[in-house]
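Just so you know, the sequence shown maps onto residues 10 to 1019 in this note's numbering. Where is the CB? At the ideal position from N, CA and C, for every residue including glycine. Written below as structure tokens is the structure these notes are about.
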Amino acid sequence: MPHAVFGQETITVNGVVTDEASGLVLPGVNVIVKGTAQGTMSDFDGNYTITANSNAILVFSFIGYQNQEIPVENRNTINVALAESSFNMDEVVVIGYGQRTKGSLTGAVGTTTGKVLEQAPTSNMQQALQGRIPGLIITDRGGAPGDESVNILIRGSSSLNDNNPLVVINGVPRTMDDFKYLSSSDIESVSILKDAAAAIYGARAANGVILVQTKEGRKGEAQFRLNTQYRFNQVTQKSNYMNSLQRATYENEGAGYSGFSSLPWSNEQIEHFRLDDDPLYPNTNWFDEIVKPSATEMQTNLSYSGSSDKTQYYVSIDHLKKEGLLTSNDLNFKQWQATTNFSVQVTKDLKLGTNLRYATSRRKEPRLNNPYSSSLVGQEPWLIPRWPNGLLGTAGEGGVPLAQIHRDLAGKKDYWKDDLYMQFDVDYDMSWLTKGLKVIGYAAFDRSFFRQSNLTSPYTFYTFNPVTDEYTGNINDPAQNFVTLDVAKGSGGLDFYNVKLDYKNNFGLHHIAAFAAFEQNQTFSHLISGSRRNLPNASQPYLWAGDSGSMRNNEQYFETARMNYFGSLHYKYDSKYLLDFTLRRDGSYNFPKDGRFGVFPGVSAGYVISKESFMNGSRSWLDHLKLRVSYAKMGSDNTASFQYLNSYGYGWAIPFGTTPVLVNGYQPYTVIQEGPDQGDQVRIPSANPTITWETSFQQNYGLDLVVLNGKLDLSVDYFVQKRRDMLLPSDVTVPQYTAINMPDLNFGKVDNRGIEFALNYKDKIGDVNIFGGLNFTYAKNEILEIAEPTNVPEWRKQEGSVIGSYNNLYDAIGIYSSIEEVNSTPHFDGAIPGDVIFRDVDGDGKITGNDRIRVDESIIPEIQYGFNLGAEYKGFSIDVLFNGQANATVNMYGEDFKFTDYIFERRWTPQNTNALYPRSYALDDTRHTPSTFWLKDASYLRLKNVSIAYDLPKSLISKLKLSSVNVFVQGRNLMVWDNIKEYDFDPEGGGGISPYPQTRTFSIGTTINF
10 MPHAVFGQET ITVNGVVTDE ASGLVLPGVN VIVKGTAQGT MSDFDGNYTI
60 TANSNAILVF SFIGYQNQEI PVENRNTINV ALAESSFNMD EVVVIGYGQR
110 TKGSLTGAVG TTTGKVLEQA PTSNMQQALQ GRIPGLIITD RGGAPGDESV
160 NILIRGSSSL NDNNPLVVIN GVPRTMDDFK YLSSSDIESV SILKDAAAAI
210 YGARAANGVI LVQTKEGRKG EAQFRLNTQY RFNQVTQKSN YMNSLQRATY
260 ENEGAGYSGF SSLPWSNEQI EHFRLDDDPL YPNTNWFDEI VKPSATEMQT
310 NLSYSGSSDK TQYYVSIDHL KKEGLLTSND LNFKQWQATT NFSVQVTKDL
360 KLGTNLRYAT SRRKEPRLNN PYSSSLVGQE PWLIPRWPNG LLGTAGEGGV
410 PLAQIHRDLA GKKDYWKDDL YMQFDVDYDM SWLTKGLKVI GYAAFDRSFF
460 RQSNLTSPYT FYTFNPVTDE YTGNINDPAQ NFVTLDVAKG SGGLDFYNVK
510 LDYKNNFGLH HIAAFAAFEQ NQTFSHLISG SRRNLPNASQ PYLWAGDSGS
560 MRNNEQYFET ARMNYFGSLH YKYDSKYLLD FTLRRDGSYN FPKDGRFGVF
610 PGVSAGYVIS KESFMNGSRS WLDHLKLRVS YAKMGSDNTA SFQYLNSYGY
660 GWAIPFGTTP VLVNGYQPYT VIQEGPDQGD QVRIPSANPT ITWETSFQQN
710 YGLDLVVLNG KLDLSVDYFV QKRRDMLLPS DVTVPQYTAI NMPDLNFGKV
760 DNRGIEFALN YKDKIGDVNI FGGLNFTYAK NEILEIAEPT NVPEWRKQEG
810 SVIGSYNNLY DAIGIYSSIE EVNSTPHFDG AIPGDVIFRD VDGDGKITGN
860 DRIRVDESII PEIQYGFNLG AEYKGFSIDV LFNGQANATV NMYGEDFKFT
910 DYIFERRWTP QNTNALYPRS YALDDTRHTP STFWLKDASY LRLKNVSIAY
960 DLPKSLISKL KLSSVNVFVQ GRNLMVWDNI KEYDFDPEGG GGISPYPQTR
1010 TFSIGTTINF
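Below, the structure written as structure tokens:
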């Protein structure tokens, strides 16, 4: 027996692991005997038990905490208090097809955890991410329950086509919808791959990658976890439209300025509005009639996890019920989710696992679900909602508002969806062949089933004759006086296979991690739809009940396929010099056979300067300093399929009722097949046999810094993205009689560059733990090349502009205060005082279409940022998150904002010639035209989230046989500071009315472990 182990005694060691700051127990802490594979984990009460030699060293490690090494020294009880670390070099980060410690990352990777996402009182994970990670540019446009409109960009926009990032859940590419409806209680971590770190995903990585890892079973005793929240949602901004007197006055003024022979409203009617003395001349606040003060939402998640000697398991069920803000209570969303994953160590070398998830949801809506629609809150204020006897009141331009938000009046929409996600894993350790070698494989089979129906019903509204004291019924649309039903049913699926040969090993100070993999996936979707009219009534929402003569049917089937070969090599020397290389060969169904595969390489390197001997003098304050650089080529195949083939469809070869144009005596249409109803089957677009990938060349230069014993860490990145070969429409035109549409071509070019950084601080002052962080992203793009006609005017050109820039605008420089000012400056024919003054761009002494300009600004923000502050003290904790944006411009031109109270009070009139806003305009007044006057700064700072929590004392909850109880209150979208408050619309709305308003949320809840 070797002398080093002679006389050692094996003993059993147990103890409790706690948080050094709060004294709370820490479940799931890894405890291993140093230098061996022997280990265990603390249970949900923080207890652990391990067998070790009497002179062994135990290593305690946990994500977010500093590792501790403690000699056993023949002790049977060792209690450990772990200190939190602001930046743990050994913290594991999920990356593409694997994991890596923070200290060995060479790419730009942002991370957060499910625990952090739970602090946002929302059921939408896109919203929960906002303001948390540098590089993420997230805009929340609002949205009805279950149909939220949230846009995520990674480092801004760099393409004129698709800019959506790839979403990967548990190693399988899935959709953004699959992610946003996950429960935060089931999420372990989220990683954002932003540079060459994403290159391993090749042809789908050009817009960045969102990696989501869900929770798995942990070693230790079985444990239940209950998280339940009750939320109240309100609109963040209440729209204040003109009242009846203001709007009638506004319309009369506009008609007068336009020279109408008669005015819409008489003096007598105006006086009734002013005095409010006649119920036939009401002043209806449609916002109060349509929008409830608040709507409730409840979400509950119950999970059960644990392990035995050879198995680990996690099971959860999640229920969400969310009401809409309509006063009719006819808008709501419900969802159930059930998740289970199970792994078993079959033999010493073989491990098998399954991960199953089922989600079912239903969304119910009335005919109109958008309370901010001009047909609802924007309706004329003199309309009567209901007569005293309960009959529906008068109709406006958009119909009767109350009818359109009630499912039993104007119609209803219903959506059902069922999703099943099945994943099977195998992990075979081949260390018996060579150390560090293993084969990992997994297969996923997703199935989705959905159904939707749209029932439209005529309804009756009433007018009142005060002379006869009678009500007269009127059909809302006499030309559509029948019940119509549209129904669609479909299914879709994904079959995904991945097998990987993985190798990791150390050779002295050298460390190598490499893998080679093969991947294949297929997707399909099948849709059948139909419609009928003249159903006998709305209580029979079935197609068979409709008129067979009005029957319309349609069916679609679509398939995709991809095949990929890829690999990665990670090399590390003494944790000082780091190198990563990835190579991927992707094949996509979107391209012709001779150009179906593309090669996408990526390389990145890191240099940990702080490990150099010449930095020894900085050890007292410098913990970590690393430089990073990367370069990668990535692609995008997210484009319409089969463009390399000639496509055909049913349609009329010439416009109905016109005479064919003959060329040399012939009609130049290739009629493939005559269709009795749909028309002739004709060739639609011309094929492009050279179609290929849209490519992105990305560079990144980064720095990571940790100082003051891990209290302060900084990460800074500068990036350049060059998007090439974008598939865009050609500027070539062909004669209309050819019936040929030119194909898209690969030629577009866009550059996008910027900087991002994250700064975090954590410290302990007495019994108080304080922490804070700041993240910042700046990204600016420029269109370098796009197909445009040779003589295109400057104001219409896109080359040299930013994506989404505003063009076709007149340059506003003021408001005419008098007729003398009109006559002394260039103007439109017919311009009068109160009109907007436009700059004479071409200097010809008059305002014409040639004076329009392009404004290189966009609703897409160039800057987004977030910062949080928090503290913990004896079981109490508070975390406050702010987020904001800058360099974003919103266009407030249009009917959405024309009738607001703010504009009325500040409009030009002969008595208010120094006005902030132009005069009143009639609806058809061409002098009210798009201009820079209506471009407004969409910057904002928002108090995004506030979370206040308290852990009940252990002495109290132990009597109830509970491990821990946390109670909390949370708020979301609590306050906003912006530059467009006068319009009463949220700055994230995007210019115009959002599909559904932003909501302010208050939440109370509890998390119980037992």
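Excluding residues up to 5 positions away in sequence, 122, 123, 222, 223, 224 and 225 lie with their Cβ nearer than 8 Å to the Cβ of residue 197 in the same chain. Annotation: residue 808 is outside any alpha helix (DSSP H) and is labelled neither H nor E by DSSP. Residues of the same chain with a CB within less than 7 Å of the CB of residue 823, apart from the 5 flanking positions on each side, are 846 in chain order. A distance below 8 Å separates the beta carbons of residue 703 and residue 734.
For residue 438, the enclosing beta strand (DSSP E) starts and ends at 420–438. Looking at the backbone, the Cα of residue 797 and that of residue 648 are separated by about 21 Å. For residue 634, the closest of 269, 608, 714 and 598 by C-alpha to C-alpha distance is 714. In this structure, DSSP gives residue 624 a helical state, which the three-state scheme calls helix. The beta carbon of residue 195 sits closer than 8 Å to the beta carbons of 123, 223, 224, 310, 312, 325, 327, 346 and 348 from its chain, once the five residues preceding and following it are set aside; these are given in chain order. Shown here for residue 260: same chain residues with a beta carbon closer than 7 Å to its own, the five before and five after excluded, namely 273 and 274 in chain order. Sorting 460, 762, 528 and 515 by C-alpha distance to the C-alpha of residue 452 places 528 at the top. When rounded, the separation of the alpha-carbon atoms in residue 699 and residue 362 is 43 Å. The beta carbon of residue 600 lies closer than 7 Å to those of 653, 700 and 701 in the same chain, with the five residues before and after it left out. Residue pairing from DSSP places residue 846 in a beta bridge opposite 823.
Taking C-alpha positions only, residue 966 is separated from residue 814 by approximately 59 Å. Between the segment 946–956 and the segment 879–898, the count of C-beta pairs closer than 8 Å reaches three or more; the two stretches touch.
Under the three-state reduction of DSSP output, residue 61 falls in the strand class. C-alpha of residue 180 to C-alpha of residue 104: approximately 10 Å in a straight line. CA-to-CA, the gap between residue 941 and residue 825 works out to about 16 Å. Annotation for residue 47: 41, 59, 60 and 61 place their beta carbon closer than 8 Å to its own, counting only its chain and skipping 5 residues before and after. Distance check between residue 308 and each of 319, 287 and 332 places 332 closest, using alpha-carbon atoms only.
In the structure shown, residue 878 adopts extended strand secondary structure according to DSSP, grouped into three states.
Straight through space, the alpha carbons of residue 233 and residue 77 are spaced by roughly 28 Å. With a beta-carbon spacing of about 15 Å, residue 138 and residue 177 fall beyond the 8 Å limit used to define contacts. Note on residue 251: 16 or more other CB atoms within 10 angstroms of its CB, so buried under the neighbour-count rule.
Annotation: residue 89 to residue 80 spans about 12 Å, alpha carbon to alpha carbon.
Counted as a single uninterrupted DSSP element, the beta strand (DSSP E) harbouring residue 984 occupies residues 973–987. For residue 210, same chain residues with a beta-carbon under 7 Å away, outside a window of 5 residues either side, are 105, 175 and 218 in chain order.
Counting along the chain, the unbroken alpha helix (DSSP H) around residue 256 starts and ends at 253–266. Here residue 830 carries a helix assignment [DSSP, helix/strand/coil]. Counting along the chain, the unbroken beta strand (DSSP E) around residue 566 starts and ends at 556–582.
Judged by beta-carbon spacing, residue 884 lies beyond the 8 Å limit of residue 772, meaning their Cβ atoms are not closer than that value.
When C-beta atoms of the segment 549–558 are compared with those of the segment 597–615, fewer than three pairs fall below 8 Å, so the two segments do not count as touching.
With a cut-off of 8 Å on Cβ pairs, the segment 535–548 is in contact with the segment 494–513, counting three or more such pairs. Between the segment 629–644 and the segment 705–723 there are three or more inter-stretch CB-CB distances shorter than 8 Å, so the stretches are counted as touching. A residue is called buried when at least 16 other Cβ atoms come within 10 angstroms of its Cβ; residue 398 does not meet this threshold and is exposed.
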